[in-house]
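A.B. asks: If you scroll down you'll find the structure; I have some questions about it.
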Amino acid sequence: MNLITSAIGQGLLWALLGIGLYLTFRILNFADMTVEGTFPLGAAVAVTAITNGVSPLGATVLAFLAGMAAGLITGLLCTKARIDSLLAGILTMTAAYSINLRIMGKSNVSLLGQRTLLTPLRSLPQYFDSVALGMIVIAVITALLIFFLQTDFGQAFIATGDNPTMAKSLGIKTDSMVIIGLMISNGLVGLCGALIAQSNGYADINMGIGTIVIALASIIIGEVAFGDLTLNQRLVAVTLGSIIYRLILLAVLQLGFSTNDLNLISSIVLALCMMLPRLNNVLHIKEPFVKGVASHDE
């Protein structure tokens with residue numbers, strides 16, 4: 007039971023990563039590789055700030071702002087310097103590696119003996135602290151995003167991803183929308199990095215490796231599991247997909263696989279989920295099960 011509780015808690019915390027990528031990958035139709043640098047950046051900023059006397063909440067806010075700064079750089083490279091979106095993300099991700107080393111001063115920084123956002127929740131049963139924190143953060147972030155996407159600005163943001171040419175004809179500044187979208191997205195990824203670092207008790211320079219696969223797995227599993235949903239419902243589905251993904255990993259590890267195989271397992275799970283629309287023709291899977299993924303593959 008403790009393992010399941012831990013998986014749910016981790017799924018809730020990691021869901022921020024999926025939600026952040028969802029904004030760019032699905033809504034803006036922007037393949038953003040920045041997240042693999044932004045995630046450890048958020049962790050590095052938060053851990054370094056906490057070890058230097060900043061409050062856990064203040065350190066977490068700084069991590070969010072650092073993530074937004076990374077998103078801003080990618081956005082400017084793409085929209086102003088006219089660098090390909092994929093390459094712009096890779097450039098920022100690569101630069102973030104050196105920046106993270108400078109922030110931490112070494113490859114790994116521990117939070118042993120330091121107060122974190124989970125400290126006040128330690129009185130809860132084992133692993134319930136991460137569940138409680140994850141539920142609070144996800145509820146607030148999801149509510150804010152749903153409100154944002156229903157505003158005129160949010161609708162312009164969605165229109166930019168749907169049809170940039172039409173959006174421009176309507177007077178929408180699409181470059182600004184891309185930049186703002188990347189800033190919000192990477193801010194959430196940086197926030198996720200800060201929370202995961204506080205949950206794990208350390209930040210490591212290599213903790214961003216494979217994070218984009220984890221985020222994509224949360225998105226795809228949510229779409230596969232719940233089918234055709236509204237945009238607001240998809241935000242919730244990403245969180246549920248993140249939890250399901252963690253439970254899948256737990257089940258696989260219980261079969262005797264090593265934690266060293268997690269990235270391999272993540273890639274296999276993601277590949278299988280993305281193959282479902284194709285496998286539907288052979289296996290005759292019920293249409294609602296694959297409709298969410300099929301609609302994006304067309």
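Using the numbering used here, the letters of the sequence shown map in sequence onto residues 7 to 304.
The beta-carbon is built from N, C-alpha and C at its ideal position, and this holds for glycine as well.
On the three-pair Cβ rule with 8 Å, is the region 40-60 touching the region 180-199?
C.D. replies: yes
A.B. asks: Can you give me the Cβ contacts of Gln16 inside the same chain, cut-off strictly under 6 Å, excluding the 5 residues immediately before and after it?
C.D. replies: Arg252
A.B. asks: Please return the same chain residues whose Cβ sits closer than 8 Å to the Cβ of Arg128, not counting the five positions on each side in sequence.
C.D. replies: Asp135
A.B. asks: Since I believe Leu18 is in contact with Ile249 (beta carbons under 8 Å), could you give me their beta-carbon distance rounded to a whole number of angstroms?
C.D. replies: Confirmed, about 7 Å.
A.B. asks: Look up Ser116 in the DSSP assignment and say whether it is helix, strand or coil.
C.D. replies: strand
A.B. asks: Do Ala162 and Ile144 come within 7 Å of each other at the CB atom, strictly closer than that value?
C.D. replies: no
A.B. asks: Please name the residue, chosen from Gly247, Asn238 and Leu155, that lies closest to Ala231 on a Cα-to-Cα basis.
C.D. replies: Gly247
A.B. asks: Just to confirm, is the Cβ distance from Ile109 to Ala50 under 7 Å?
C.D. replies: yes
A.B. asks: If you drop the 5 nearest sequence neighbours on each side, which residues of the same chain put their C-beta closer than 6 Å to that of Gly140?
C.D. replies: Gly15, Leu18 and Leu19
A.B. asks: Please state whether DSSP places Asp90 in a helix, a strand or coil.
C.D. replies: Reduced to three states, the DSSP call for Asp90 is coil.
A.B. asks: Looking only at its chain, what residues have a beta carbon closer than 6 Å to the beta carbon of Ile152, apart from the 5 residues adjacent to it on each side?
C.D. replies: Asn238
A.B. asks: Would the region 26-38 and the region 254-272 be scored as touching if the rule is three or more Cβ pairs under 8 Å?
C.D. replies: no
A.B. asks: Can you list, in chain order, the residues of its chain whose CB lies under 7 Å from that of Gly214, leaving out five sequence neighbours each side?
C.D. replies: Glu42, Gly43, Phe45 and Pro46
A.B. asks: Please report the distance separating the alpha-carbon of Ala165 from that of Pro131.
C.D. replies: 45 Å
A.B. asks: Which one or two residues does DSSP pair with Tyr208 in a beta bridge?
C.D. replies: Ser116
A.B. asks: Under 8 Å by Cβ, that's how I've got Gly81 and Leu241 pegged, so tell me the actual separation to the nearest angstrom.
C.D. replies: Going by Cβ atoms, the distance from Gly81 to Leu241 rounds to 22 Å, so no, they are not a contact pair.
A.B. asks: Identify the continuous alpha helix (DSSP H) that holds Met172 and give its terminal residues.
C.D. replies: Pro170 to Ser175
A.B. asks: Strictly under 7 Å for the Cβ-Cβ distance: is Asp210 near chain B by that measure?
C.D. replies: This model lacks chain B altogether; it includes just one protein chain.
A.B. asks: Please specify which runs of the alpha helix (DSSP H), each continuous and at least 4 residues long, are wholly inside the region 208-236, giving them in chain order.
C.D. replies: The region 208-236 contains, as complete alpha helix (DSSP H) runs of 4+ residues, the segments 217-232 (chain order).
A.B. asks: Between the C-alpha atoms of Thr57 and Phe70, what's the straight-line distance to the nearest angstrom?
C.D. replies: Those two C-alpha atoms are separated by around 17 Å.
A.B. asks: Alpha carbon to alpha carbon, how far is Met99 from Met39?
C.D. replies: 7 Å
A.B. asks: Using the beta-carbon count (16 or more within 10 Å), is Leu68 buried or exposed?
C.D. replies: When all chains shown are included, Leu68 counts as buried.
A.B. asks: From Leu201 to Ile211, what distance separates their C-alpha atoms?
C.D. replies: Cα to Cα, the separation comes out at about 15 Å.
A.B. asks: For Val53, does the count of other Cβ atoms within 10 angstroms reach 16, so buried, or fall short, so exposed?
C.D. replies: buried
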